[in-house]
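Following: one structure in structure tokens, then a few remarks.
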Amino acid sequence: MMKVLRFLGKCIGFVNTNFKALVLILIVLFVLGSMQDTEIEEPNLAKLYLNTPIFSANSIESQIQNIKKNPSIKGVLLVIDSPGGSVSASIEVADMLKKLGEDLPVVAYVQGSMASGSYYAGMYASEIVANRGALIGSIGVIFSGYNISQLLETLGIQEQVLKKGTYKEVGTMSRQWSEQEREFLDNLLDEQYTMFVDDVKQARGQRLTQDSEAFAQGKIFSAKAALELGLIDRVGSLHDATEILKERANVSEAVWLKKSKVDSYLEQFQDSLISKVLSLSAPSLR
83 MMKVLRFLGK CIGFVNTNFK ALVLILIVLF VLGSMQDTEI EEPNLAKLYL NTPIFSANSI
143 ESQIQNIKKN PSIKGVLLVI DSPGGSVSAS IEVADMLKKL GEDLPVVAYV QGSMASGSYY
203 AGMYASEIVA NRGALIGSIG VIFSGYNISQ LLETLGIQEQ VLKKGTYKEV GTMSRQWSEQ
263 EREFLDNLLD EQYTMFVDDV KQARGQRLTQ DSEAFAQGKI FSAKAALELG LIDRVGSLHD
323 ATEILKERAN VSEAVWLKKS KVDSYLEQFQ DSLISKVLSL SAPSLR
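Whatever position you read off the sequence shown (first residue = 1), add 82 for this note's numbering.
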């Protein structure tokens, strides 16, 4: 009897001494058991955001790479709300999304504006849905600059320039552009404008209801007018766009790929910084 009491006493003492450790072990075992019993659903759809001025393709590239890391993804919802940006960056984003669309259905939803460079970037989507308050179009190219020669003269500032090449100083702010320089810039913009219009025709094909005189004069259109021109496929809501994507991706219940807040903040900061630096002089789609 004494041996039994001593044994029980030792057991009670052990429990008292190691109570916290025992509780922790039990909690860990419970959590592990719960994880084994619960099936973690893999994402089958992803959202890709184009919601800043386009002066770099880094953000889109990063988002696409994250999507491609998940082989369970069957479709992508491209959410657009951007005023446009530089020609080169817009084309780069367009090419990335066109390539993505060869592997997965990409449905675009115009949340606010799909204008100029952002129209260029998103026009290769399998289907474009815009809410009824969205603005679409602004298909054109612009190059702008300032003539501050009178201000420099008033301040008594004289510019000194050494250059090699007739057009090396084209677009300068310190004087009026020569007719030769204007002609050069006009030819450059004409080339880029023609490329933009031709790419829109190639992307939208038979869905365009009128020629470029109607849709490619830099006009901004309401969702209703854009639908009539064939620049978009439907006027609807985010829910409508999601349902279309689910149908195209053959998904019954959407499980969205989640993006960490850290990645979101880093991408926003990076785009903001690059936009400020690169938006100073490049020809723009805006």
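Glycine included, every Cβ here is placed at the ideal spot set by N, Cα and C.
Heavy atom of the ligand GTP within 6 Å of residue i beta-carbon
| i | result |
| --- | --- |
| Ala176 | Summarising the ligand content, the structure contains no ligands, and the ligand GTP is consequently not present. |
Where residue i sits in the DSSP three-state scheme
| i | result |
| --- | --- |
| Ala171 | helix |
| Met178 | helix |
| Tyr202 | helix |
| Asp163 | strand |
| Lys129 | strand |
| Leu234 | helix |
| Leu327 | helix |
| Met277 | helix |
| Lys262 | Looking at the sequence itself, residue 262 is Gln, so the reference to Lys does not match. Three-state result, Gln262: helix. |
| Gly183 | helix |
| Gly247 | coil |
Integer Cβ distance of residue i from residue j, believed to fall under 8 Å
| i | j | result |
| --- | --- | --- |
| Val337 | Asn152 | With 8 Å as the limit, Val337 and Asn152 do not qualify as a contact, their Cβ atoms being about 11 Å apart. |
| Ser138 | Pro165 | 15 Å between Cβ atoms; not a contact. |
| Leu186 | Ile155 | 7 Å |
| Ile218 | Phe303 | 5 Å |
| Tyr206 | Lys180 | 4 Å |
| Gly222 | Ser198 | 7 Å |
| Leu182 | Ala323 | About 16 Å; that fails the 8 Å criterion. |
| Gly157 | Arg330 | 6 Å |
| Ser208 | Val189 | 6 Å |
| Leu311 | Leu290 | 7 Å |
| Val317 | Lys306 | 6 Å |
| Leu313 | Phe297 | 6 Å |
| Ser231 | Gln258 | 7 Å |
| Val175 | Ile224 | Incorrect: roughly 18 Å between the Cβ atoms, too far for contact. |
| Tyr191 | Ile149 | Wrong, their Cβ atoms sit about 16 Å apart, outside the cutoff. |
Where residue i falls, given that 16 or more other Cβ within 10 Å makes a residue buried
| i | result |
| --- | --- |
| Asn229 | exposed |
| Tyr249 | exposed |
| Arg286 | buried |
| Gly238 | exposed |
| Leu90 | Because Leu90 carries a pLDDT of 42, less than 50, the predicted location of this residue cannot be relied on, and the following value inherits that uncertainty. Classification for Leu90: exposed. |
| Gly167 | buried |
| Thr134 | buried |
| Lys246 | exposed |
| Gly204 | buried |
| Phe268 | One point to set straight first is that residue 268 is Asp, not Phe, in the sequence displayed. Classification for Asp268: exposed. |
| Ser200 | buried |
| Leu320 | exposed |
| Gln118 | Summary for Gln118: the model assigns pLDDT 44, below 50, so the residue's position carries little reliability, and this model does not support an answer. |
| Leu328 | Before going further, note that residue 328 is Lys rather than Leu in the sequence given. With 16 or more other Cβ atoms within 10 Å, it is buried. |
| Leu233 | exposed |
| Leu244 | exposed |
| Asp280 | exposed |
| Asp293 | exposed |
| Ser334 | exposed |
| Asp315 | buried |
| Leu355 | Low local confidence applies: a pLDDT of 49 at Leu355 is under 50, so the model's placement there is unreliable, and no value is given. |
| Gln75 | With the chain represented from 83 up to 368, any question about residue 75 goes unanswered, as that position is not in the structure. |
| Gln193 | buried |
| Ser260 | exposed |
| Ser220 | buried |
Residue i - partner residues in DSSP beta bridges
| i | result |
| --- | --- |
| Glu209 | Val189 |
| Gly219 | Ala197 and Ile302 |
| Arg316 | Val211 |
| Leu267 | According to DSSP, Leu267 bridges with nothing at all. |
| Trp338 | Leu127 |
Next on the checklist: List, from N- to C-terminal side, the beta strand (DSSP E) runs of 3 residues or more that fit wholly inside the stretch 279-310.
Outcome noted: Complete beta strand (DSSP E) runs here, min 3: 302-304.
Checklist entry - Which whole runs of the alpha helix (DSSP H) in the stretch 135-161 are 4 residues long or more, in chain order? => result Within the stretch 135-161, complete alpha helix (DSSP H) segments of at least 4 residues are found at 140-150, given in chain order.
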